Amino acid sequence: MSSVRSSTGFQKGDVFWAPDPFRQGSNPRLWLILAADSLPYPGEEYMCAALTTSDLPRNIEVGNDWVAGRDPDKTSYCSPWVVATIKSDAVVNPQGELTESFTEQMISECETYLNTA
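The sequence shown maps to residues 5 to 121 in the working numbering.
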């Protein structure tokens, strides 16, 4: 996994700020990239899971899995059921990077939600 390179060249595990497509008029939120190069338009869109500071029962704490970009004053959590495709032109700012193991865990958690029927 590599670090954040530019507003159009992110990779799996990178974290950036972008609008929340589920809330009109809301401030940008953090997104963890689950897939980048494997999508039909690499470099133009990213499949992401939402990061939050809400300690809800099913959210998973990031903890020490920050490689870069951690805000020591806040605890981050990932909501692997809150997924969206974020277009590169919607990215507001890069934030950092999470470990490969945490990112893979979030992908597995996301798949669990998709495969439960």
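Yeah, the Cβ is synthetic: ideal placement off N, Cα and C, and Gly gets one too. Values in this document were obtained by computation on a predicted structure and should not be read as measured data.
Assumed close pair residue i, residue j - CB separation to whole angstroms, cut-off 8 Å
i     : j     : result
Glu65 : Tyr50 : Their Cβ separation, rounded to whole angstroms, is 22 Å, which puts Glu65 and Tyr50 out of contact at 8 Å.
Val95 : Phe20 : 5 Å
CA nearest to the CA of residue i, picked from the options
i      : options                        : result
Asn68  : Phe106, Pro44, Leu55, Asn119   : Phe106
Pro25  : Lys16, Trp35, Gly47            : Trp35
Gly13  : Thr116, Asn119, Thr120, Gly100 : Gly100
Leu60  : Pro44, Ser83, Gln15, Asp93     : Ser83
Leu102 : Tyr45, Asp75, Glu48            : Asp75
Ala40  : Ser92, Pro98, Leu118, Asn97    : Ser92
Gly47  : Tyr117, Asp18, Arg62           : Asp18
Beta-carbon proximity of residue i to residue j, cut-off 8 Å
i     : j      : result
Ala72 : Cys114 : no
Leu38 : Lys16  : yes
Lys78 : Thr56  : no
Any contact of the segment 98–115 with the segment 22–31, i.e. 3+ C-beta pairs under 8 Å?
-> With the cut-off at 8 Å, the segment 98–115 and the segment 22–31 do not touch.
Within the segment 18–104, note down every full beta strand (DSSP E) run reaching 3 residues or more, in order along the chain.
-> 18–22, 33–39, 49–56, 70–72, 81–91, 97–102
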